[in-house]
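For reference, the structure is listed below as structure tokens.
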Amino acid sequence: MNLDTTVCRATNVKFEVDSSNEVIVYTDKGRFNAGHSSLRILERCFTPCSVRNLLEEMVDPDKREASKEILRTLKVLFSSGAIVESEGSGLSSSMFPFGGYAAPFVQTKMLNDVLRKQIYLDAIRDLVKPEDIVIDLGTGSGIMSIAAAKAGAKRVYAIEPSGAFYCAKENFRINHVDGVVCSLKGWSTDVDLPEKGTLLLTDLLGNDPFDLSIWELMSDLKKRAMASSCRLLPEKIELRARLLSVPENVLDQHLISERVLSKWQREYGIDFSGMRERRDSSRGWLEKPLIVDSWEKSADNFLIGSINLRDDPHGFCYRVEIPVSRGCWNGILIYYRAQIGNRWFSTDCPEGSRFSHWYNAIWTIPERARSSDRLSVEYRYLGDGESCVSISSASGGRN
Ligand SMILES: C[S@@+](CC[C@H](N)C(=O)[O-])C[C@H]1O[C@@H](n2cnc3c(N)ncnc32)[C@H](O)[C@@H]1O
């Protein structure tokens, strides 16, 4: 390592911090006590930089001891493999679930979600015009940037913070689009682009449509990096609900009911009723679409609200009343439909992504809802990816 060496953080570093300022760094080479300055250095080396720049930014000539500490730490981080020379490596070698979006498992799941990806790719083919400057927020494997470049975009900016960036870069080269696609490693909120974008693409739609902060991140780029007449993909999101009949054995994993308490009493001879649920509360959890697909669902679905991603992000609260026309239901599936080009992609199953790596949000109805009941479902978006749901009886009855 010398002053001109370009360094960056390795993709599979983990660290622990304790309140006495101990920072323990774990890498492929083992466990290292790296000292308190290591966090600053690791944060800075998230994007590649030369050792010279790093030292200029961090070393203060008036603070000799602090400067020596930075140098010592840099040596430890380099010899432990937490900071590596030049380009970082691609996918993480850490055992799943570590590795985030650089985990091969996550990339495989996303690319195997062919229905969802095809909807995006079709929309990209339809929308991209030859003069388009496309911004791909969270390029991952590079799939959407490659599609945009092949569809004839003038230029594509592919932004990705995780180690997947290096794979995407290689994919651009192999697919002969590296002359059009410009790769930017980092968070979208940190990048500055040399020209205004005309089309903003992203698949940052999570289990709940907002939980990856798609609205805030798109809005940030829209304000800083996009032309006022830009197009967005996706553009609109609808939140919808369907009534569900959740099997009792699944409910027992999420609700501490009388049945569960009696079982524990029998098994352990201990009364756990101190953990009994409030009867008016509704529990939510995430379930695989393939599993939800096997449960009985109401034929009707109900619109909770529509969100235009062009609007500035803001907290909101939608409250709808759902009439129960027939059947007996103990749960609600809250799903979304996203407008991608001129098609709607739905996370409802079976029409939507049964094999998706995303999950469906399920909420319990505290007591079963039967014909002629009315349920009040409230979806509240608090901003920055946080939302909450509550369900109560609108008929003033049992729930
Ligand atoms: C759901 S994946 C989609 C990947 C790819 N576009 C695709 O369609 O398969 C979302 C990607 O966005 C990236 N990401 C998350 N937050 C980001 C941000 N603020 N700026 C840039 N990328 C981000 C993640 O690292 C991840 O690779």
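Residue numbers (my numbering): 1140 to 1538. Glycine is no exception: its CB is placed at the ideal position from the N, C-alpha and C atoms.
Counted within 10 angstroms of its Cβ, other Cβ atoms place residue i as buried (16 or more) or exposed
i	result
Tyr1407	exposed
Arg1316	First, the residue type needs correcting, since residue 1316 is Val and not Arg in the sequence shown. Answer is buried; the Cβ neighbour count reaches 16.
Leu1205	One point to set straight first is that residue 1205 is Ala, not Leu, in the sequence displayed. Exposed, by the Cβ-count rule.
Asp1512	buried
Gly1536	Any reading at Gly1536 is ruled out, since the residue's pLDDT is 47, under 50, leaving its predicted position unreliable.
Arg1381	buried
Asp1347	buried
Phe1484	buried
Arg1211	exposed
Gly1291	exposed
Leu1216	buried
Gly1470	buried
Glu1299	buried
Thr1328	exposed
Pro1269	exposed
Ser1510	exposed
Pro1505	buried
Asn1310	buried
CA-to-CA distance, residue j to residue i, given in whole angstroms
i	j	result
Asp1350	Ile1209	37 Å
Cys1147	Ile1222	5 Å
Leu1400	Val1389	15 Å
Cys1527	Tyr1457	11 Å
Asn1538	Gly1413	Low confidence applies to Asn1538: its pLDDT is 39, below 50, so where it sits in the model is not reliable enough to give any reading.
Leu1542	Ser1232	Given that the chain is displayed from residue 1140 to residue 1538, the structure contains no residue 1542 and the question cannot be resolved.
Leu1617	Lys1361	The requested residue 1617 does not occur in the structure, where the chain is confined to residues 1140 to 1538.
Arg1170	Leu1194	25 Å
Val1152	Arg1405	46 Å
Glu1355	Pro1452	6 Å
Asp1201	Leu1213	19 Å
Leu1086	Pro1373	Here the chain comprises residues numbered 1140 to 1538, so residue 1086 is not present and cannot be evaluated.
Ser1218	Tyr1165	12 Å
Ile1501	Glu1426	7 Å
Leu1340	Ser1396	45 Å
Leu1230	Leu1250	14 Å
Thr1150	Thr1247	18 Å
Asp1265	Cys1369	15 Å
Gly1423	Leu1394	10 Å
Val1162	Gly1220	15 Å
Val1253	Thr1278	16 Å
Gly1524	Lys1207	41 Å
Start and end residues, beta strand (DSSP E) containing residue i
i	result
Met1365	1365-1372
Lys1268	No beta strand (DSSP E) holds Lys1268; DSSP gives it neither H nor E.
Ser1529	1525-1532
Leu1142	First-last for Leu1142: undefined, no H or E at that position.
Ser1515	1513-1522
Phe1154	1153-1156
Where the alpha helix (DSSP H) through residue i begins and ends
i	result
Asp1230	It should be pointed out that residue 1230 corresponds to Leu in this sequence rather than to Asp. Run containing Leu1230: none; DSSP gives neither H nor E here.
Val1399	1397-1407
Val1389	1387-1390
Leu1250	1243-1251
Glu1161	It is not in any alpha helix (DSSP H) - Glu1161 carries neither H nor E in the DSSP assignment.
Ser1566	Outside the modelled stretch of the chain, which goes from 1140 to 1538, sits residue 1566, for which no answer is possible.
Asn1192	1190-1197
Ala1288	1282-1289
Ser1176	Counting along the chain, Ser1176 falls outside any alpha helix (DSSP H), and DSSP gives it neither H nor E.
Check: residue i C-beta below 8 Å from any heavy atom of ligand 3
i	result
Ser1464	Ligand 3 is absent from the structure shown, which contains only ligand 1.
Check: Listed by chain order, which residues have C-beta atoms less than 6 Å from any heavy atom of ligand 1?
Finding: Tyr1240, Met1249, Leu1276, Gly1277, Thr1278, Gly1279, Ser1280, Ile1282, Met1283, Ile1298, Glu1299, Pro1300, Ser1301, Ala1303, Trp1326, Ser1327, Thr1328, Asp1342, Leu1343, Leu1356
Check: What are the uninterrupted segments assigned as beta strand (DSSP E) that are 3 or more residues long and contained completely in the stretch 1409-1487, given in chain order?
Finding: 1423-1426, 1441-1447, 1455-1462, 1467-1479, 1482-1485
Next item on the list: Mind listing, in chain order, the continuous beta strand (DSSP E) runs of no fewer than 3 residues lying wholly within the stretch 1314-1376?
Entry: 1320-1324, 1336-1341, 1365-1372
Next item on the list: Would you list, in sequence order, the uninterrupted beta strand (DSSP E) runs of no fewer than 3 residues that lie entirely inside the stretch 1287-1312?
Entry: 1294-1299
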